[in-house]
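So the structure is just underneath, and the comments pick up after that.
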Amino acid sequence: MSEIVGNLDEDALIEAFFAPLAPDLSDDVATIEPSHGRRLLITTDALLEKVHFLRDSRADWVGQKAVRANVSDIVADGGRPRWLTLTLGLPNDLPVSWVAGFARGLAQACSSLNVRLIGGDTTCTHSDIFISVTAIGEVDQVGRVTRSGALPGHLLAVTGYLGESGIGLDMVLGKNDDPRVDRESWMARHFIPPFRGSFSWRAADFHFLSAMMDLSDGLVQDLPRLCRASGVGAEVDLEAIPVSRGARELGLTAREAVTRGEDFELLMAFDPEHQESLRQLAHLHEVPFTRIGRVVAGKGVRFLEDGLEVEGIGKGWRHFGTSGI
Ligand SMILES: Nc1ncnc2c1ncn2[C@@H]1O[C@H](COP(=O)(O)OP(=O)(O)OP(=O)(O)O)[C@@H](O)[C@H]1O
Ligand SMILES: Cc1ncc(C[n+]2csc(CCOP(=O)(O)O)c2C)c(N)n1
Ligand SMILES: [Mg+2]
1 MSEIVGNLDE
11 DALIEAFFAP
21 LAPDLSDDVA
31 TIEPSHGRRL
41 LITTDALLEK
51 VHFLRDSRAD
61 WVGQKAVRAN
71 VSDIVADGGR
81 PRWLTLTLGL
91 PNDLPVSWVA
101 GFARGLAQAC
111 SSLNVRLIGG
121 DTTCTHSDIF
131 ISVTAIGEVD
141 QVGRVTRSGA
151 LPGHLLAVTG
161 YLGESGIGLD
171 MVLGKNDDPR
181 VDRESWMARH
191 FIPPFRGSFS
201 WRAADFHFLS
211 AMMDLSDGLV
221 QDLPRLCRAS
231 GVGAEVDLEA
241 IPVSRGAREL
251 GLTAREAVTR
261 GEDFELLMAF
271 DPEHQESLRQ
281 LAHLHEVPFT
291 RIGRVVAGKG
301 VRFLEDGLEV
311 EGIGKGWRHF
321 GTSGI
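The sequence shown: position 255 = 255 (UniProt numbering), numbered continuously.
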C-alpha cells in the first residue's frame, strides 16, 4: 500500500517537498527585498478539491495551476511575479505521492515563470484538499495597468483563444469521451494556463494600455468588472471572439467561449492609436491578439452579432448559486 500523508508529520512533509523549492524555510517568517523604486503587488487565490480540481487529476498539473492562476493576476497589472507563499490543507488519507507530484508541478511552474516559494503553512483537513497561493510581484508605479482606466472610444482586445480551458475541463469532468479527441492535451490546456508576462510588461512599459485584467470567470462576467471599475460600458462583437480551429471542431461557439472560465488570458482596453503597435508587440511575443469590441459611454456590456444585441447569453462561472457552466 502506498504511503499516506497521515504517516508523516508536517515537518517531514515540508522538508521533503517544499524546502527544496525555497531559499530558506527555517524561520518563523519570510523576508523579501523589493527592487528599488518598485511597488509590491499582492494577490491570493485558493484552489479547492471538487471546486477547482478533482483528486484523481494529475497532481503536478494541479501544482502548475496553483502557481499560474495566481501569477496571472500579477501579469494582468503589468507586474513581474517574484515570490509565492503556499498554504496547504491535506487529508490524512492522501497518498504522499500526490504531494510529491504537486510539488513537482509547483517547481516546474516556479522555474519557468521565475518565481520563488518563500513560505507557507501546512495543516490537515478532515475532507478535501485545500490549496491557497499568495503571489507577490513588483511593478513600476508608472507601468502599472489597473482595471479602471478605460475610456469611451477605446478598443478592447484579448490574448489567446477563449473557451479552451473549458473544453479541457469537460474532459476532466468526463463530459466528453470522444475517442478521436486528444484528451491529454486539452486537459493540459486547462491545468497549465498561459503566461503572458513578456507581452504584458512591454505593453505596460510603453503605456499602450488604459486598462487590463485577466479572464478567470469568463468574458461575460469579467468584462463588466473592468467596465464598472472604469465607469464605462462596452460592446463586444461575438463574431470577433477568437475561437481556435480545434475548439470549433469540438463544437465550441463564440457564445459559449465567452461564458467559460479559467482561460487566464488578458483582456485589454487601449486608445485606438496604439492598436497597430500592440498587434506588432503581440506578434513579436507570439501571442495571439484579437480585437473584440469597444468601450462606450454609459453602463453595461452588450454582446452583438451582426450588429444586433444577443439576449440570454450564459452567465460565466459563479461560485455561489447556480453556475452557467
Ligand atoms: N475574502 C476577501 N477578503 C478581502 N478581499 C477579498 C476577498 N475576496 C476577494 N477580495 C478582493 O476582491 C477583489 C476581487 O477578487 P476576485 O477574486 O474576484 O479577483 P481575481 O483574483 O482577479 O479573480 P479570480 O479569483 O477569479 O482569479 C480583489 O481585490 C481581492 O483581493
Ligand atoms: C472540478 C472542477 N469543477 C469546476 C471547475 C470550473 N471552475 C472552477 S472555479 C472557476 C472560475 C475561477 O475560479 P476563481 O474565481 O476561484 O479563481 C471555474 C471555471 C473546475 N476547474 N474544476
Ligand atoms: Mg484576476
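Heads up, the beta-carbon is just placed ideally off N, CA and C, and yes, glycines get one too.
For phenylalanine 17, no beta strand (DSSP E) encloses it, and the DSSP letter there is neither H nor E.
Between the alpha carbons of isoleucine 4 and proline 224 lies a gap of roughly 45 Å. For isoleucine 136, the number of other beta carbons within 10 angstroms of its own is at least 16, and it is reported as buried. Taking a C-beta distance under 8 Å as the contact criterion, valine 139 and arginine 202 do not qualify as a contact pair.
Linking glycine 119 to leucine 86 through their CA atoms gives a straight-line distance of about 6 Å. CA-to-CA, the gap between phenylalanine 270 and cysteine 227 works out to about 13 Å. For isoleucine 129, no alpha helix (DSSP H) encloses it, and the DSSP letter there is neither H nor E. For the options Thr134, Ser127, Arg55, Ile32, the alpha carbon positioned closest to that of leucine 173 is the one of Arg55. Beta-bridge annotation (DSSP): proline 91 is paired with Thr125. Taking all protein chains in view, the Cβ of glycine 261 is crowded by 16 or more other Cβ atoms within 10 Å, so the residue is classified as buried. Between serine 185 and glycine 143, the alpha-carbon positions lie close to 35 Å from each other.
Counted as a single uninterrupted DSSP element, the alpha helix (DSSP H) harbouring glycine 101 occupies residues 96-113.
Secondary-structure assignment with DSSP links alanine 46 through a beta bridge to Ser132. The residue from Pro179, Arg183, Gly149, Gly160 with its alpha-carbon nearest to that of aspartate 170 is Arg183. Fewer than three pairs of CB atoms, one per stretch, sit closer than 8 Å, so the segment 242-256 makes no contact with the segment 194-209. In this structure, the CA atom of leucine 25 is about 9 Å from the CA atom of leucine 117. For asparagine 7, the closest alpha carbon among the candidates Arg58, Leu90, Ala66 is that of Leu90. The beta carbons of phenylalanine 289 and aspartate 214 sit no closer together than 8 Å. Between ligand 1 and alanine 257, a heavy atom-to-CB distance of less than 7 Å is absent. DSSP lists no bridge partner for valine 51. Bridge partners of glycine 137 according to DSSP: Leu41, Pro81. Under DSSP, leucine 117 takes part in a beta bridge, and its partners are Leu84.
Scanning the UniProt domain "PurM-like C-terminal" (209-302) from its first residue to its last, the whole alpha helix (DSSP H) runs of 4-plus residues come out as 219-230, 245-249, 254-257, 275-284. In the same chain as glycine 168, and ignoring 5 residues on each side of it, the C-beta atoms closer than 6 Å to its own belong to Trp186, Met187, Arg189, His190, in chain order. Only residues of its own chain outside the window of five on either side were considered, and among them Asp217, Gly218, Val220, Gln221, Thr259, Gly261, Gly324 have a CB closer than 7 Å to the CB of glycine 316, listed in chain order. Contact between the segment 16-24 and the segment 55-71 is absent: fewer than 3 CB-CB pairs across the two stretches fall below 8 Å. Residue pairing by DSSP puts leucine 304 in a beta bridge opposite Asp237, Glu309.
Exclusion of methionine 171 from the 7 Å shell around ligand 3 follows from its C-beta lying no nearer than that to any non-hydrogen atom of the ligand. When DSSP states are grouped into helix, strand and coil, valine 145 belongs to the coil group. Sorting Leu238, Asp9, Ala76, Leu113 by C-alpha distance to the C-alpha of leucine 84 places Leu113 at the top. Under the Cβ criterion (8 Å, minimum of three pairs), the segment 231-242 counts as touching the segment 143-156.
If you compare the alpha carbons of Val145, Ala204, Ala229 with that of glycine 300, the shortest gap goes to Ala229. In this structure lysine 50 touches aspartate 128 by the C-beta definition: roughly 6 Å separates them, less than 8 Å.
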